[in-house]
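Chemist: Protein chains in written order, with the working numbering: chain A, 784 to 905; chain B, 784 to 905. The beta-carbon is built from N, C-alpha and C at its ideal position, and this holds for glycine as well.
2 protein chains.
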Amino acid sequence: MPISDAESIVMDVLWRSSPLAAEDIVAATAAGQGWQEATVKTLLNRLLRKKAIAAERDGRRYLYRPLLKRGDYVHAASKGLLDRLFDGRVAPLVAHFSERRKLTKKDIAELRALIEELDDDR
Amino acid sequence: MPISDAESIVMDVLWRSSPLAAEDIVAATAAGQGWQEATVKTLLNRLLRKKAIAAERDGRRYLYRPLLKRGDYVHAASKGLLDRLFDGRVAPLVAHFSERRKLTKKDIAELRALIEELDDDR
DNA sequence: GCATTTCGTTTACGTCCGTAATCGATGACA
DNA sequence: TGTCATCGATTACGGACGTAAACGAAATGC
């Protein structure tokens, strides 16, 4: 079952640091997202049902931590997009941004460094 | 208003060739997707309401063509993902696939060619 | 001990989405 | 000219999502 956009914001908090109490997650998200605590509670419950997080009792409250790894989530999302739009390959995506002139000098330098490194491994 | 996954499959057909009659779009998608014609009709109507396509009368039927450009759609989707997951930059995405060893030799060669070309433009 | 606060759980509700059947108008055919 | 086939338009319906209030149990303050 997929993690929704709103849910992924909660995951982000937990990926950054965990375990956390609901209170902490509310503190980290509610203001920025304009959410009520109740909303965060709902999202936590849905994530529990999806087995994306786990809760362990800590006295009268629970502490939440991710079960789903950030890398796995990022990978699934990225691969989904690549498959749908770029024939599953990375280069066409880079080419797309290049054609749209959305690559800064810094982007290009980073890419060049990456590629050189990869070539070294070869 | 966002184009949903199912809708984007209809858009794909129209991006490949347009204008097309509903019948053609059904022919191009229904079998592969396991859709009834009714489903395709619904999707066409929703795309019309979203102004992603336009219909012009052709005798007793309509011919549909895209208003939304494929490049714009691809860009919005890609940028959304990059922004959400990779700090809006392309290199970290490439690095991610590299770390997961999901880059084939061919991918790397394509990327190297791309980068060299970009460097030439510099 | 009893009221109040504090958690998590349950329920709610409008919208979008996937999927499709049905309806209504119009053109074709007999 | 009346009936049948075609189209697009309307309506339907369950599930997910965003957003949140209400409820119930447990702890805490007095």
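1. Using a Cβ-Cβ cut-off of 7 Å (strictly less than) and excluding sequence neighbours within five positions of A:A811, which residues of its own chain qualify?
2. With distances taken Cα to Cα, identify the nearest neighbour of A:A837 among A:L851, A:K888, A:K824, A:W818.
3. Check the Cβ of B:D902 against every Cβ in chain A and list those closer than 8 Å, keeping chain order.
4. By the three-class DSSP mapping on this structure, what secondary structure does A:I786 have?
5. Contact criterion: CB-CB distance below 7 Å. Does B:L830 meet it with respect to chain A?
6. Taking Cβ positions only, does B:A837 come closer than 7 Å to chain A?
7. Provide the residue span of the alpha helix (DSSP H) that contains B:R840, from first to last.
8. Check for me: the alpha helix (DSSP H) holding B:R867 runs from which residue to which?
9. Below 7 Å between beta carbons: does that hold for B:P849 and B:S881?
10. Checking contacts by CB at 7 Å: is A:I898 closer than that to chain B?
11. Considering only their Cβ atoms, is the gap separating B:V873 from A:V823 smaller than 7 Å?
12. Distance check for A:G817 and B:R832, CA to CA, integer angstroms please.
13. With a threshold of 16 other CB atoms inside 10 Å of the CB of A:S861, please say whether the residue is buried or exposed.
14. For A:E790 versus A:L826, is the C-beta distance shorter than 7 Å?
15. Got a sec, what are the start and stop residues for the beta strand (DSSP E) A:R848 sits in?
16. Going by the CB atoms, is the gap between A:E839 and A:L846 shorter than 7 Å?
17. Under 7 Å, Cβ to Cβ, is there at least one residue of chain A near B:A859?
18. Apart from the five residues on each side of it in sequence, which residues of its chain come closer than 6 Å, Cβ to Cβ, to B:P875?
19. If I measure Cβ to Cβ from A:I786 and keep anything under 8 Å in the same chain, skipping five residues before and after, which residues do I get?
20. Enumerate in chain order the residues of its own chain whose CB-to-CB distance from B:W798 is below 7 Å, with the five nearest sequence positions on each side excluded.
21. What is the C-beta distance between B:R844 and A:H858, in whole angstroms, given that I count them as a contact (C-beta under 8 Å)?
22. Quickly, what does DSSP pair A:L803 with across the bridge? List them, please.
23. Report the rounded CA-to-CA distance for B:L864 versus B:A805, giving the unit in angstroms.
24. In whole angstroms, what is the alpha-carbon distance linking B:D841 and A:D866?
25. What does B:L864 reach in chain A if we use C-beta pairs closer than 7 Å?
Modeler: In short, the structure shows the following:
1. V796
2. A:L851 is the residue among A:L851, A:K888, A:K824, A:W818 whose C-alpha sits nearest the C-alpha of A:A837.
3. Going along chain A in sequence order, the residues near B:D902 (Cβ under 8 Å) are I891, R895.
4. Looking at A:I786 - three-state DSSP - the assignment turns out to be coil, as it is neither helix nor strand.
5. no
6. For B:A837, not one C-beta of chain A is nearer than 7 Å to its own C-beta.
7. Where B:R840 is concerned, there is no enclosing alpha helix (DSSP H), although the beta strand (DSSP E) it sits in stretches over 836 to 841.
8. Start and end: 853 to 869.
9. No. Outside cutoff.
10. Closer than 7 Å to some Cβ of chain B, the Cβ of A:I898 qualifies, so yes.
11. No, the pair does not count as a contact, with Cβ atoms beyond the cut-off.
12. 29 Å
13. buried
14. Yes, Cβ-Cβ distance for A:E790 and A:L826 is below 7 Å.
15. Boundaries of the beta strand (DSSP E) around A:R848: 844 to 849.
16. yes
17. no
18. Result list for B:P875: F869, in chain order.
19. M794, L830, K833, A835, L851, Y856
20. P849, R853
21. Between A:H858 and B:R844 the Cβ distance is about 44 Å, and since that is not below 8 Å, they are no contact.
22. A:Y847
23. 32 Å
24. B:D841 and A:D866: Cα-Cα distance of roughly 35 Å.
25. A860, S861, L864
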